[in-house]
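Asker: One structure is given below, represented as structure tokens, and several questions about it will come after.
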């Protein structure tokens with residue numbers, strides 16, 4: 174094959190141009206690079222990345238509107254308020270139909286109050302407790318009847334006065350025994366004197382017998398009289414001791430009877446208190462089911478229900494009470510001890526509510542009001558409590574209002590410091606330089 178000639182396509186001038194780029198390209202390249210570098214540095218100074226502490230938060234409401242809900246099905250038999258009417262705490266708003274007569278219920282309540290006062294003072298005086306013969310209390314009837322039965326039994330116990338009458342009888346017996354003891358003491362004194370006389374006589378007769386001036390029969394007679402006198406003395410002493418023992422037994426019987434009466438009285442009081450507590454518990458359960466009461470002072474707002482004979486169902490909102498004063502919503506953030514020194518009043522707080530996903534509803538934003546001075550032990554962890562006061566209406570960054578409730582939980586992010594990106598790059602090198610300097 175014929176070799177093709179090697180043709181030189183580039184001249185020396187062309188090669189020189191290709192190997193050496195134009196100066197204007199180099200100048201513009203350096204300029205663009207410096208501009209980009211300057212923009213990066215400026216951006217790292219301008220743009221900031223916040224430091225934040227993430228911790229759980231509990232949001233609770235104070236003085237929020239209270240919804241009065243029905244806890245049973247039935248017809249409204251009583252409706253005591255009108256729309257926008259001011260109500261007091263504990264005021265009865267309405268009553269749902271039930272088998273209990275409301276007036277009789279109030280009578281039973283007064284009986285319970287009277288009994289409570291008597292029990293707190295010590296012993297129940299059942300005679301002073303009024304017990305109506307007939308009360309229509311429906312589902313409370315059993316508890317009331319049980320209490321009434323115990324009160325009647327105690328009333329019978331008090332009116333019979335068995336123990337006190339028995340004590341009076343024994344006290345009379347003790348009085349007679351005391352008189353007998355006094356008589357026995359006098360008799361013993363006489364017997365003692367007679368024994369002394371008999372002893373002296375026997376001693377004289379003994380001397381005469383030794384001298385032969387007294388016969389054996391007379392000596393025996395003298396000794397017999399002395400023994401009889403001594404025996405009479407011992408009999409009188411034994412009789413006196415028996416009387417004293419009998420009186421002590423009677424006094425001990427009085428003590429035992431008083432102790433028995435005290436124990437029975439305490440047992441009656443215990444039973445009455447127990448049955449009173451049962452009745453009060455039943456009444457409280459009845460109130461929760463059928464009696465609609467205002468828990469706070471405020472103004473009532475009516476919507477669906479406003480008069481008697483309307484049928485209600487469990488869970489229906491019968492009324493809403495707007496409390497006097499302004500509502501307060503408070504958040505408590507529990508931050509760990511580590512890093513707590515960064516938290517200061519006025520720092521921004523972002524809150525994500527557990528029940529409302531923040532990607533859909535947004536976050537609540539507010540500021541730190543205060544932080545506790547000392548840590549508290551919660552769930553076996555030392556934490557500082559940070560307080561945040563929210564406005565009355567909880568509105569997220571998406572302008573969505575979160576309905577207020579008594580308690581909500583979530584996650585709080587406390588923005589402690591906005592640090593530029595440049596500083597964050599410098600911090601590790603500064604720390605390294607400090608370590609080198611110290612070493």
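In the working numbering, the protein residues as written are 174 to 612.
Positions of the beta carbon are idealized from the N, C-alpha and C atoms, including for glycine.
(1) Can you give me the Cβ contacts of residue 489 inside the same chain, cut-off strictly under 6 angstroms, excluding the 5 residues immediately before and after it?
(2) Would you tell me roughly how many angstroms separate the C-alpha atoms of residue 353 and residue 407, rounded to the nearest one?
(3) From what residue to what residue does the alpha helix (DSSP H) around residue 404 run?
(4) Determine whether the beta carbon atoms of residue 226 and residue 587 lie at a separation below 9 angstroms.
(5) To which residues does DSSP link residue 538 through a beta bridge?
(6) How close, in whole Å, do the beta carbons of residue 583 and residue 524 come, if the pair is a contact with beta carbons under 8 angstroms?
(7) Measure the CB-CB distance between residue 249 and residue 265 and report whether it falls below 9 angstroms.
(8) Thinking C-alpha only, which one of 239, 275, 518 is nearest residue 308?
(9) If contact is defined by three or more beta carbon pairs under 8 angstroms, each pair taking one atom from either stretch, is the segment 464–481 in contact with the segment 351–366?
(10) Tell me residue 485's beta-bridge partners as DSSP assigns them.
(11) Would you mind sorting residue 271 into buried or exposed? The rule is 16 or more other CB atoms within 10 Å of its CB.
(12) Exposed or buried, what is residue 569 when buried is set at 16 or more other beta-carbons lying within 10 Å of its beta-carbon?
(13) Do residue 539 and residue 522 have their C-beta atoms closer together than 9 angstroms?
(14) Buried or exposed for residue 286, please, with buried defined as at least 16 other CB atoms from any protein chain shown within 10 angstroms of its CB.
(15) What is the rounded straight-line gap between the Cα of residue 234 and the Cα of residue 563?
(16) Do you know whose CA, among 567, 608, 431, 440, lies nearest residue 337's CA?
(17) Tell me where the beta strand (DSSP E) around residue 556 begins and ends.
(18) Below 8 angstroms on the Cβ atoms is my contact criterion, and I expect residue 494 with residue 260 to pass it. Report the Cβ-Cβ distance as a whole number of Å.
(19) Assuming contact is defined by CB atoms lying nearer than 9 angstroms, are residue 395 and residue 379 in contact in what I supplied?
(20) Output the distance between the C-alpha atoms of residue 465 and residue 454, rounded to the nearest integer angstrom.
(21) Just the Cα atoms here: how many angstroms apart are residue 374 and residue 428?
(22) List the whole-angstrom C-beta distance separating residue 256 from residue 479, where the pair is believed to meet the contact cut-off of C-beta under 8 angstroms.
(23) Using DSSP with H/G/I as helix, E/B as strand and the rest coil, what is residue 513?
(24) If you run the structure through DSSP and keep just helix, strand and coil, what is residue 546?
(25) Is the number of C-beta pairs between the segment 359–368 and the segment 398–416 that are closer than 8 angstroms three or more?
(26) Check residue 372 in the structure and name its three-state DSSP category.
(27) Determine the contact status of residue 241 and residue 573, defining contact as a CB-CB distance below 9 angstroms.
(28) Helix, strand or coil, according to DSSP, for residue 254 in the structure here?
(29) Hey, residue 567 and residue 605 are a contact pair by Cβ (cut 8 angstroms); roughly how many whole angstroms apart?
(30) With a threshold of 16 other CB atoms inside 10 Å of the CB of residue 607, please say whether the residue is buried or exposed.
(31) In terms of residue numbering, what span does the alpha helix (DSSP H) encompassing residue 320 cover?
Answerer: Working from what's here:
(1) Once the five neighbours on either side are set aside, the close Cβ partners of residue 489 are 243.
(2) The C-alpha of residue 353 lies about 17 angstroms from the C-alpha of residue 407.
(3) Per DSSP, residue 404 belongs to the alpha helix (DSSP H) from 389–463.
(4) A distance below 9 angstroms separates the beta carbons of residue 226 and residue 587.
(5) According to DSSP, which records beta bridges pairwise, residue 538 is partnered with 523.
(6) Contact between residue 583 and residue 524 holds, since their C-beta atoms are separated by about 5 angstroms, short of 8 angstroms.
(7) For residue 249 and residue 265, no; Cβs fall outside 9 angstroms.
(8) Comparing C-alpha distances from residue 308 to each of 239, 275, 518 shows the shortest one belongs to 275.
(9) They do not touch, by the three-pair rule.
(10) For residue 485, which the question treats as bridged, DSSP gives the partners 247.
(11) Looking at its Cβ environment, which holds 16 or more other Cβ atoms inside 10 Å, residue 271 is buried.
(12) Counting the other Cβ atoms within 10 Å of the Cβ of residue 569 gives 16 or more, which makes it buried.
(13) With contacts defined as CB atoms closer than 9 angstroms, residue 539 and residue 522 qualify as a contacting pair.
(14) Under this definition residue 286 is an exposed residue.
(15) Approximately 10 angstroms between the Cα atoms of the pair.
(16) Ranking the options by Cα distance to residue 337, first place goes to 431.
(17) Its beta strand (DSSP E) spans residues 554–563.
(18) Yes, residue 494 and residue 260 are in contact; Cβ-Cβ is about 7 angstroms, under 8 angstroms.
(19) Against a cut-off of 9 angstroms, the Cβ pair of residue 379 and residue 395 comes out as a contact.
(20) Between residue 465 and residue 454, the C-alpha separation is close to 17 angstroms.
(21) For the pair residue 374 and residue 428, the Cα-to-Cα distance works out to about 49 angstroms.
(22) Between residue 256 and residue 479, the beta carbon gap of about 7 angstroms places them in contact (Cβ cut-off 8 angstroms).
(23) It is helical.
(24) Residue 546 falls in the coil class under three-state DSSP.
(25) Cβ pair count under 8 angstroms is three or more, so yes.
(26) Helix at residue 372.
(27) Not in contact: residue 241 and residue 573 (Cβ atoms no closer than 9 angstroms).
(28) DSSP places residue 254 outside both helix and strand once states are collapsed to three, so it counts as coil.
(29) No, residue 567 and residue 605 are not in contact; Cβ-Cβ is about 46 angstroms, not under 8 angstroms.
(30) Here residue 607 is exposed: its Cβ has fewer than 16 other Cβ atoms, across all protein chains shown, within 10 Å.
(31) Annotation: the continuous alpha helix (DSSP H) that includes residue 320 extends over 314–333.
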